[in-house]
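Before any comments, here is the structure.
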Amino acid sequence: MNLMGQNARKASLKKINTKIKNNVLKKYIFLLDKEKKSILRANVKDIKVAIKKKLKINLIDRLTINHVKLNDIINSINRVIKLKDPIDNTLEKWRRPNGLKINKISISIGVIGVIYESRPDVTSNVAALCFKSGNAVILKGGSEAMNTNKILAKLFRKALKDNEVDENFIQLIESKDRKNVDYMLSKMKNQIDVLIPRGGKNLVKRVQKFSSVPIIGHLEGLCHTFIDKDAELKMATNIIYNAKLRNTSICGATETILIHEKIVKKFCNPILKKLEENNCKIYGDHILKKYYKGVLYPAKEKDWSKEYLAPAVSVKTVKNCEDAIKHINKYGTMHTDSIITKNKKTAKKFLKNVKSSIAMHNTSTQFADGGEFGFGGEVGISTNTLPPRGPVGLEQLTSYKYEIIGNGQIRK
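Residues 681 to 1092 (our numbering) make up the sequence shown, in order.
Put into structure tokens, the structure is as follows:
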């Protein structure tokens, strides 16, 4: 582990120009395409082990790599290639009355550690984003995806080597020993500049509790969609269906629906029936019970804090927009929350007052994704109060320095 840290630090100090960075990424795409069958075979091995271990369906879904997901990985890396190099750019510049010129310049962070579960696509996406932003990365994927992670990391290292770039820009911890995670958290603060945990609540809590290294991350994606009294029914129906059921296993999936009490009678059946018809379990409050004609499970207090990551949703009736904001700020996790309304004044109040890192109007919470933001991809979603917040993409993996140019000035 110490050697990996030293090798990562050494690699991170090397300045790679944009052309070489993009050549490495292009070569990686070529290798991913060339080795498709090998990648899929490795993934089948991981899935078989996961089924034997009786992992949850949503975890197996995240673990699975097929032709579609592999093409998504390739497309994501292509987007990163097209993005402007975020390093050594002048972010701001100004001149002081004494003649000093001050330039604010973007720089890489250094060495990034990423601890993640299930999703092997993280290996490729994170490697691409970290490398293009000039950072070395140490990857600790879950043991359930070891075979897939190994081949994806190996191909990236080959792309680096073929372009005469230090392979240690990307390193994967191949040991399944959980002590390696503890060591990263507690003993590598001089070798790792920031840690990014991507996984379940237990993993992130553990990282937050024991890490001596600064962290970018989120515990849960407890996302809300509020249907206001001025919402349009067809729009609300389409958005809710997409926000909940397009992909239930991602952190941007809506987990709680809030409905304004003035439209609950008219709106609840067409909207919720569509969810129920697509095998979604609905947990509702006592007011909803009066009007909803489908199968309704009584919602308990704990359901307002539940991240299902499955076809299930909590539904609550609220008095107004203020009540919705109050509920979100109490039970939410500052991830992504959306309002559906034609009233721009109400929408503005919602957008300005929810504490979320991503606040939305008339759209699906499933857009909480770095690729959808035009970031090329993401390392994760940050719900930290301090920046970066929201999707952590290419530019969010940078820091900055001030360069000051004088002509002999001394301070009085």
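All residues carry an ideal CB built from backbone N, CA and C; glycine is no exception.
Residue 956: first and last residue of the uninterrupted alpha helix (DSSP H) it sits in: In the sequence shown, counting from the first residue as 1, residue 956 sits at position 276. Taken as a continuous stretch (DSSP letters only), the alpha helix (DSSP H) holding residue 956 covers 944-957.
Under 7 Å between C-beta atoms of residue 813 and residue 1074: Taking the first residue of the sequence shown as position 1, residue 813 is located at position 133. Taking the first residue of the sequence shown as position 1, residue 1074 is located at position 394. Contact flag set, yes.
Buried or exposed by the 16-neighbour rule on C-beta atoms within 10 Å, applied to residue 1046: The residue given as residue 1046 occupies position 366 in the sequence shown. Looking at its Cβ environment, which holds 16 or more other Cβ atoms inside 10 Å, residue 1046 is buried.
Supposed close pair residue 1044, residue 916 - CB separation, criterion 8 Å: The sequence position of residue 1044 within the sequence shown is 364, counting from 1. The sequence position of residue 916 within the sequence shown is 236, counting from 1. Rounded to the nearest angstrom, the Cβ distance from residue 1044 to residue 916 is 11 Å, too far for a contact under 8 Å.
Boundaries (first-last residue) of the beta strand (DSSP E) holding residue 903: In the sequence shown, residue 903 corresponds to position 223, counting from 1. If you look at residue 903, you'll find it in the beta strand (DSSP E) that goes 903-907.
Residue 865 vs residue 836 beta-carbon contact at 7 Å: On the sequence shown, residue 865 is found 185 positions in, with the first residue counted as 1. On the sequence shown, residue 836 is found 156 positions in, with the first residue counted as 1. No, these two residues do not count as a Cβ contact at 7 Å.
Distance between residue 1030 and residue 818 (C-alpha atoms, nearest Å): Here residue 818 is taken as the residue at index 138 of the sequence shown, counted from 1. Here residue 1030 is taken as the residue at index 350 of the sequence shown, counted from 1. When rounded, the distance between both Cα atoms is 39 Å.
First and last residue of the uninterrupted beta strand (DSSP E) at residue 994: Indexing the sequence shown from 1 puts residue 994 at position 314. Run containing residue 994: 992-998, per the beta strand (DSSP E) assignment.
Among 699, 987, 947 and 694, the one whose alpha carbon lies nearest that of residue 788: What you label residue 788 is simply residue 108 of the sequence shown in a count that begins at 1. Closest option to residue 788, Cα to Cα, is 694.
Other residues of its chain near residue 747: CB distance less than 8 Å, five sequence neighbours each side excluded: Start at 1 with the first residue of the sequence shown, and residue 747 comes out as number 67. Hits under 8 Å: 716 and 720.
CB-CB length for residue 940 against residue 998, believed under 8 Å: As a position in the sequence shown, residue 940 is number 260, starting the count at 1. As a position in the sequence shown, residue 998 is number 318, starting the count at 1. A Cβ-Cβ distance of about 6 Å is found for the pair residue 940 and residue 998, placing them in contact under the 8 Å criterion.
Residue 793 classed as buried or exposed, judged by whether at least 16 other C-beta atoms fall within 10 angstroms: In the sequence shown, residue 793 corresponds to position 113, counting from 1. By the neighbour-count rule (16 or more Cβ atoms within 10 Å), residue 793 is buried.
Distance between residue 1064 and residue 1020 (C-alpha atoms, nearest Å): On the sequence shown, position 340 is the one that residue 1020 refers to. On the sequence shown, position 384 is the one that residue 1064 refers to. Rounded to whole angstroms, residue 1020 to residue 1064 spans 25 Å at the Cα level.
The stretch 987-1007 contacting the stretch 920-937, beta-carbon criterion three pairs below 8 Å: Three or more beta-carbon pairs drawn from the stretch 987-1007 and the stretch 920-937 are found closer than 8 Å, and the two stretches are therefore classed as touching.
Terminal residues of the beta strand (DSSP E) in which residue 770 lies: By one-based count along the sequence shown, residue 770 stands at place 90. Looking at the DSSP string, the run of the beta strand (DSSP E) that includes residue 770 is 770-775.
Rounded distance between the beta-carbons of residue 826 and residue 965, thought under 8 Å: Walking along the sequence shown from the start, residue 965 turns up at place 285. Walking along the sequence shown from the start, residue 826 turns up at place 146. Residue 965 to residue 826, Cβ: 44 Å. No contact.
Through-space distance from residue 1056 to residue 867, alpha-carbon basis: Counted from its first residue, the sequence shown places residue 867 at position 187. Counted from its first residue, the sequence shown places residue 1056 at position 376. The straight-line gap from Cα to Cα measures roughly 32 Å.
Simplified DSSP state of residue 736, which is helix, strand or coil: Taking the first residue of the sequence shown as 1, we reach residue 736 at position 56. Per DSSP, reduced to three states, the secondary structure at residue 736 is coil, with no helix or strand assignment.
One or two residues paired with residue 786 in a DSSP bridge: Walking along the sequence shown from the start, residue 786 turns up at place 106. Among the bridge pairs identified by DSSP, residue 786 is matched with 1080.
Distance between beta carbons of residue 1041 and residue 1027, contact taken as under 8 Å: Indexing the sequence shown from 1 puts residue 1027 at position 347. Indexing the sequence shown from 1 puts residue 1041 at position 361. Residue 1027 to residue 1041, Cβ: 4 Å. Contact.
Simplified DSSP state of residue 1069, which is helix, strand or coil: Within the sequence shown, the letter at position 389 stands for residue 1069. In the structure shown, residue 1069 sits in coil (DSSP, three-state: anything other than H, G, I, E or B).
Unbroken alpha helix (DSSP H) run spanning residue 684, endpoints: The residue labelled residue 684 in the question sits at position 4 within the sequence shown. Per DSSP, residue 684 belongs to the alpha helix (DSSP H) from 682-692.
Expected contact under 8 Å - CB spacing of residue 880 and residue 1060 to nearest Å: In the sequence shown, the residue the question calls residue 880 occupies position 200. In the sequence shown, the residue the question calls residue 1060 occupies position 380. That pair is no contact at about 13 Å.
Residue 862, buried or exposed, once every other Cβ within 10 Å from all chains shown has been counted against 16: The residue given as residue 862 occupies position 182 in the sequence shown. With fewer than 16 other CB atoms across the displayed protein chains lying within 10 angstroms of its CB, residue 862 is exposed.
Range of the contiguous beta strand (DSSP E) that encloses residue 1018: Counted from its first residue, the sequence shown places residue 1018 at position 338. Looking at the DSSP string, the run of the beta strand (DSSP E) that includes residue 1018 is 1016-1020.
Touch test, the stretch 1068-1086 against the stretch 775-786, Cβ-Cβ under 8 Å, three pairs minimum: A contact exists between the stretch 1068-1086 and the stretch 775-786.
Same chain only: Cβ atoms within 6 Å of residue 967, ignoring 5 sequence neighbours per side: In the sequence shown, counting from the first residue as 1, residue 967 sits at position 287. Hits under 6 Å: 997.
Close Cβ partners of residue 1004 (< 6 Å) along its chain, the five nearest in sequence each way excluded: In the sequence shown, the residue the question calls residue 1004 occupies position 324. So the qualifying residues of the chain are 906, 938 and 998.
Residue 951 versus 975, 761, 914 and 1024, residue with shortest Cα-Cα distance: Within the sequence shown, the letter at position 271 stands for residue 951. When each option's Cα is compared against that of residue 951, the closest is 914.
Alpha-carbon to alpha-carbon, residue 972 and residue 824: Counted from its first residue, the sequence shown places residue 824 at position 144. Counted from its first residue, the sequence shown places residue 972 at position 292. The alpha-carbon separation between residue 824 and residue 972 amounts to approximately 41 Å.
Residue 1045 - DSSP class collapsed to helix/strand/coil: In the sequence shown, counting from the first residue as 1, residue 1045 sits at position 365. Per DSSP, reduced to three states, the secondary structure at residue 1045 is helical.
Identity of the residue in 762, 975, 899 and 1070 nearest residue 1013 by Cα: Here residue 1013 refers to the residue found at position 333 of the sequence shown. Taking only the C-alpha atoms, the option nearest residue 1013 is 899.
Stretch-stretch touch, CB-based, cutoff 8 Å, three pairs: the stretch 758-776 with the stretch 699-713: Segments in contact, yes.
Sequence-distant residues of its chain with Cβ nearer than 6 Å to residue 723 (five each side left out): One-based indexing of the sequence shown puts residue 723 at position 43. For residue 723, the CB contacts under 6 Å within the same chain, skipping 5 residues up- and downstream, are 745 and 828 in chain order.
Top-ranked residue by Cα proximity to residue 920, from 986, 991, 974 and 872: Locating residue 920 in the sequence shown gives position 240, where the first residue counts as 1. Nearest option by C-alpha distance: 991.
Host beta strand (DSSP E) of residue 911 (start-end): Working through the sequence shown from its first residue, we reach residue 911 at position 231. Bounds of any beta strand (DSSP E) do not take in residue 911, whose DSSP letter is neither H nor E.
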